[in-house]
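In my numbering, the protein residues as written are 326 to 1009. Each remark here refers to the structure printed beneath this line.
What follows is the structure, encoded as structure tokens:
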């Protein structure tokens, strides 16, 4: 660019558009030199006359410098037009006005005048010369410069392109690397998972193989044990069964609970059942290791059934407060509820449910089971054992719901079983040896073909048969009471010390050395003997106060073992006592030894009528005396008429065993019965 302090020049701008040109002077300058205004205007016109008029109209052909730099070699380069703007040589003296180019969005500055009023105007020749050089030489040099810079720009552009491509390739390679690394990591994890799974599979296979081997060895050992037991029947089975004792306290002369626990331990008794939850007894049993069954009395069934809080409080006070130091293993809810004169049977199952819920709340339901003892009188049929069935009036309301409860909770059914009472009522048909576990021919059950060597097994199997009839074959039994009295009334046949010792002693041997019953040979037995002491305050016949194994002063009523070790030296050498020796001493009973057969009113009308029809029909009994108008027709009752018919049949058959049974509808007596004015006859 040429410069002069007072001169003006024309500078080409390849990226700008001349939007307009005007003179902008200070008002003072215009007033000071009005003559120069016209000259200047003429000069400007002359300068711009050098420009091609088309250049001023083709504004769209002007490319911005920035765009030209990006387009390294543009085909439009030769079309670039140049605008011109006037600048003062001395920039510090320049004043201008800014114009905005709306088409290229760029600001341009046009210098219109100089503030130096002393400057002289260029002469026409000089101005022409300067403008000519500027107009033609500078554009030429600019074009040449662009051409010379083009290769450099190409190289720089290629370098930039290569750099961009390299960066792009780097990103692609990095992404591929990350992707492959992820796959490798996943593969590694999968391999580790597979390896872990393989280890688990091998471990499972090994466990299965080991368990199978263990089961096989266990089966072999069990078979060996069974074989040895079969070859050595006299040897004891340590896990055969369990014997406990009932600790009743209806007496006023019993020792303290602490002494009782010491007595139990000295006899090797490991189970005890009590009929309440006396705190002194439960505290005395604490830490003894003796397993305890407690009892919720019948009189509390209503509260336990109707009030959940009562059941919960009862469990809290009587079970949770002592367990596990006192090893409470079962709760007997009620006792023989079906024969309770207060008719509490409808409260039985709800009470059991509430007690069970209370045990669950105290987290004791796994250790303590809930059951209820039933008497054999709950059976409608007990002979033969295969025909055992429950009384229909008990099944729907009570028995079935109770058995469902026992199944759901994994509990057992408690049964009070007394062969003594069966023998007492049917001594003519039940051999005493059969009742006392002594050697005897046994009885074959025609229903299932099984042979029974004792009455106890037959009674238990009758209960099992009754359970099977109701589809409860999976319910276990616990004999909650059984025993034999050492003394009885004159009519209580067989009540003697010798018979009591024989029954209880042989029963212990049976439980500890035998298996199950003929119907359930694999079911081990748990039996509670009745009772620990003679209880002098019990009501009823004499036998009720003489079931004890010990007198209140802790001496033995008779000696029997309670453990497998004690059985090794125990022998039952007592002869069976068929009658009541206490009665014989009194001189009571039949002096001639005669017996009679009478009807059992508890058997029910249907069984009595069926027996009566048989005896008077094909049985050949003499029933003329009970026909209407005959001497023994009165009293006109089924029991009286059946007794005459049964007794006639019994006497005609020679009073042999089995002739006074009639399906349980008859039994033998030793005193001559009398109905109205007629005594039952004998036939000697």
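Note that beta-carbon positions come from the ideal geometry of N, C-alpha and C, so glycine has one too. The model shown is predicted, which means the values in this text are computed figures rather than measured ones.
- When the beta-carbon positions are compared, residue 868 and residue 817 come within less than 8 Å of each other.
- Contact check for residue 711 against residue 798 fails: the beta carbons are separated by 8 Å or more.
- Between the stretch 647-656 and the stretch 610-617 there are three or more C-beta pairs closer than 8 Å, enough to call the two in contact.
- Under the three-state reduction of DSSP, residue 809 is assigned to coil, being neither helix nor strand.
- According to DSSP, residue 596 shares a beta bridge with 616.
- When the beta-carbon positions are compared, residue 775 and residue 877 stay at least 8 Å from each other.
- DSSP, read as helix, strand or coil, puts residue 687 in coil.
- Rounded to whole angstroms, residue 1004 and residue 750 show a C-alpha spacing of 20 Å.
- The C-alpha of residue 968 lies about 36 Å from the C-alpha of residue 659.
- Residue 832 sits buried, since 16 or more C-beta atoms from the chains shown fall within 10 Å of its C-beta.
- Judged by DSSP secondary structure, residue 628 falls within the alpha helix (DSSP H) whose first and last residues are 626-631.
- In the structure shown, the three-state DSSP call for residue 882 is coil.
- For residue 652, the enclosing beta strand (DSSP E) stretches over residues 652-658.
- Residue environment: residue 957 is assigned as buried (16 or more neighbouring CB atoms within 10 Å of its CB, all protein chains considered).
- About 7 Å separates the beta carbon of residue 699 from that of residue 739, a gap short enough to meet the 8 Å contact definition.
- For residue 849, the secondary structure class from DSSP, reduced to helix, strand or coil, is coil.
- When rounded, the separation of the alpha-carbon atoms in residue 622 and residue 789 is 26 Å.
- In its chain, beyond the 5 residues on either side, 1007 have a beta carbon closer than 7 Å to the beta carbon of residue 919.
- The beta carbon of residue 952 is closer than 6 Å to none in its chain, skipping five residues each way along the sequence.
- A Cβ-Cβ separation of about 20 Å leaves residue 626 out of contact with residue 687 under the 8 Å criterion.
- In the three-state DSSP reduction, residue 995 falls in the coil class, being neither helix nor strand.
- By the Cβ test, the stretch 804-823 is not in contact with the stretch 711-724, since fewer than three Cβ pairs between them sit closer than 8 Å.
- Contact annotation: residue 922 and residue 1000 have beta-carbon atoms that are not nearer than 8 Å.
- A straight-line Cα-Cα distance of about 31 Å links residue 993 and residue 794.
- Out of 773, 713, 785, the CA that lies nearest to the CA of residue 744 is found in 785.
- For residue 975, the enclosing alpha helix (DSSP H) has its first and last residue at 963-977.
- Per DSSP, residue 922 lies in no alpha helix (DSSP H) segment; the continuous beta strand (DSSP E) that holds it begins and ends at 921-924.
- Residue 833: member of the alpha helix (DSSP H) spanning 822-838, first to last residue.
- Cβ neighbours of residue 988 within its own chain (closer than 6 Å, five residues either side excluded): 932.
- Here the alpha carbon of residue 861 sits roughly 8 Å from the alpha carbon of residue 578.
- Nearest in C-alpha terms to residue 856, of all of 825, 839, 690, 702, is 825.
- The three-state secondary structure of residue 694, taken from DSSP, is strand.
- Excluding the 5 residues flanking it on each side, residue 884 has same chain C-beta neighbours closer than 8 Å at 826, in chain order.
- In this structure, 697 is the residue among 697, 628, 685 with its C-alpha nearest to the C-alpha of residue 598.
- Cβ-Cβ distances below 6 Å link residue 872 to 808, 810, 855, 856 in the same chain, with the five nearest sequence neighbours on each side left out; the list follows chain order.
- Taking every protein chain shown into account, the CB of residue 639 has 16 or more other CB atoms within 10 angstroms, so this residue is buried.
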